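Residue numbers (my numbering), protein chains in the order written: chain R, 51 to 315; chain Y, 879 to 1219. Cβ atoms here follow ideal geometry from the backbone N, Cα and C, with glycine treated the same way. Computed from a predicted model, the values in this text were never measured in an experiment. For reference, the structure discussed in these notes is given below.
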């Protein structure tokens, strides 16, 4: 495993598959910490509310129980959740964060304990100043507890909902008039260029009009150079429509069964 | 070649969703979320399918959303399939305490002796400071009840035998939580390459040495031993073990004489750190109970001879526990390992 960029960690599995973890930044981690602090405060309030009635029986034992329970909740909250919830606390779950081993594996109990005990140093002198500085300096955004335990905090993306169909389907595609050229186009478009074209289509409504025209102009220029379609098919096509048609060609299977063999599947 | 994304998603989606649901069950179910053999096989299959899909999407499509989703799934599944966790037996509480804790203590004995030396050095400094410079006492001892003349305090304590109707349970809970916090800080400061840990251990030694010298010089040795030994025989070793844990952490960071990378050194030290501090917490809970419910009682309520005997027996048992407990299991494991090799 090695650092790919400052905000991602790359893992190569024994199966030879490479994947990257996006590292959690200080802001999301801070919000998760605030949410967890609220949860701890709520839990201690509930415990106090319940136990305070026992003071009528024994004030001494009630106060002792409160002292111990406050300590257990404040110290054990993160440890218990990170152990039983595979590296997540309620705050981290809301923010889609997870603590994992720096090699991508699940946490061991020892790692959970160590990263949470060293937290007392990260909190020094106030508001995680030491931990925050350590995160800024560390290449993997690790606070001291993470460094000691060999852990990182990663972000999980929300579940993917492809919207490609809404973008490109159901519209007439003049490039399909020349199926042999369309097939050649599928062979020649580099994946990175295809991905950029999809990105541009997905985000086109967010672009300024001038930027939109310029972007699709550049993309169309790059794509037009790959395969020469007859002028009668492409001459009248605006750049954005051309790009959309190319995306449909390269990302979807042709309607005729005979073309299926040409896909990468 | 470019992937037919629609077909790819259509075909892969049910399997990805099934993997997601299985992972979610494992992630939220805690210890109860165990898979039977068929489910474990299915998890492995789904992980391999998602890995293969990720490889394909990275090779043929570079489609960022699908790639990110599959990376997330494969990352989560990878953590479940490949893990450092050995078995949950290690965390069976009883076995952990009687075998894991003393075993970790013995494995890291060098750090323990270093903590002992730092404490003795601190104690010598504290004792010397109090004996040779009485004005140092208020600086070294930040506790009101220790600042006066020891003979006056002993006379006052023995007037009511210590049973002054104090809130023993609350006092005990405060002692436990405070001491465990200090122990945690002692371990955590190991992150400063052990320097912060050494400072805390040395300072603890300074206080201990100053108190001991002060009471001995005032001719109150019996009271002192009767007062300190019942809880100190557990509390002081517990702080030494917390120091040991901090020095283990510092040693793993420094890595002197160890060619393994720092990450590996910390990874191998981690379980022992957790075990040591867990054992320390148990010892400090016991020490808190003894200090509040036993140490605070003095003659004539409780004879000093009984308190001293209790403390001495406790110290002997603790030493025997740390030296001997779990040793047989370790030897058996070593023999099996040797036979296997």
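Query                                                                                                                         : Result
Residue 280 (chain R) classed as buried or exposed, judged by whether at least 16 other C-beta atoms fall within 10 angstroms : exposed
Span of the beta strand (DSSP E), counted from its first residue to its last, around residue 202 (chain R)                    : 201-205
Rounded separation between residue 261 (chain R) and residue 273 (chain R) - CA only                                          : 18 Å
Residues sharing a beta bridge with residue 70 (chain R), DSSP                                                                : R:60
Option nearest residue 178 (chain R) by Cα separation, candidates R:292, R:299 and R:81                                       : R:81
Environment of residue 66 (chain R) [buried if 16+ CB atoms lie within 10 Å]                                                  : exposed
Cβ of residue 1169 (chain Y) within 8 Å of any chain R Cβ                                                                     : no
Residue 977 (chain Y) versus residue 243 (chain R) - alpha carbon distance                                                    : 60 Å
Other residues of its chain near residue 84 (chain R): CB distance less than 8 Å, five sequence neighbours each side excluded : 141
Local Cβ density within 10 Å of residue 916 (chain Y), reported as buried at 16 or more and exposed below that                : exposed
For residue 935 (chain Y) and residue 1060 (chain Y), the rounded distance between their alpha carbons                        : 52 Å
Nearest candidate by alpha-carbon position, reference residue 1143 (chain Y), set Y:1131, Y:998, Y:1152 and Y:1092            : Y:1131
Where residue 1137 (chain Y) sits in the DSSP three-state scheme                                                              : coil
Same chain, Cβ closer than 7 Å to residue 1095 (chain Y), neighbours up to 5 away in sequence not counted                     : 1009
Residue of Y:1204, Y:1160 and Y:1155 minimising C-alpha distance to residue 1064 (chain Y)                                    : Y:1155
Per DSSP, cross-strand counterpart(s) of residue 151 (chain R)                                                                : R:201
Chain-ordered residues of the stretch 97-119 of chain R with a beta carbon less than 7 Å from chain Y                         : 110, 111, 113, 114, 117 and 118
Per-residue contacts from residue 949 (chain Y) into chain R (C-beta, under 7 Å)                                              : 69 and 70
Test item: CB-CB of residue 983 (chain Y) and residue 975 (chain Y) under 8 Å                                                 : no
For residue 1129 (chain Y) and residue 1072 (chain Y), believed in contact at Cβ under 8 Å, the rounded distance              : 7 Å
C-beta neighbour in chain Y for residue 255 (chain R), strict 8 Å                                                             : no
Buried versus exposed, by CB contacts within 10 Å (16 or more), residue 1185 (chain Y)                                        : buried
Interface residues of the stretch 1136-1157 of chain Y facing chain R [CB-CB below 9 Å]                                       : 1140, 1141, 1142, 1144, 1145, 1147, 1148, 1149, 1150, 1151, 1152, 1153, 1155 and 1156
Cβ shell of residue 1121 (chain Y) (< 6 Å), same chain only, five flanking positions each side left out                       : 993, 1064, 1075 and 1079
Beta bridge counterpart(s) of residue 8 (chain R) as assigned by DSSP                                                         : Only positions 51 to 315 of chain R appear in this structure, which leaves residue 8 (chain R) out of reach.
Contacts that residue 171 (chain R) makes with chain Y (C-beta to C-beta distance below 7 Å)                                  : 1066, 1067 and 1069
Nearest to residue 247 (chain R) (by Cα), restricted to the options R:271, R:224, R:226 and R:227                             : R:271
Residue interval of the alpha helix (DSSP H) (run including residue 127 (chain R))                                            : 109-134
Where residue 256 (chain R) falls, given that 16 or more other Cβ within 10 Å makes a residue buried                          : exposed
Residues in the stretch 1105-1123 of chain Y having any Cβ partner in chain R nearer than 7 Å                                 : none
Under the three-state DSSP convention, the category residue 232 (chain R) falls into                                          : helix
Alpha-carbon to alpha-carbon, residue 97 (chain R) and residue 159 (chain R)                                                  : 26 Å
is_contact[residue 917 (chain Y), chain R] using C-beta, thresh 8 Å                                                           : no
Simplified DSSP assignment, three categories, for residue 970 (chain Y)                                                       : coil
Identity of the residue in Y:1047, Y:1069, Y:920 and Y:1031 nearest residue 108 (chain R) by Cα                               : Y:1047
Burial state of residue 95 (chain R) (16 or more Cβ within 10 Å)                                                              : exposed
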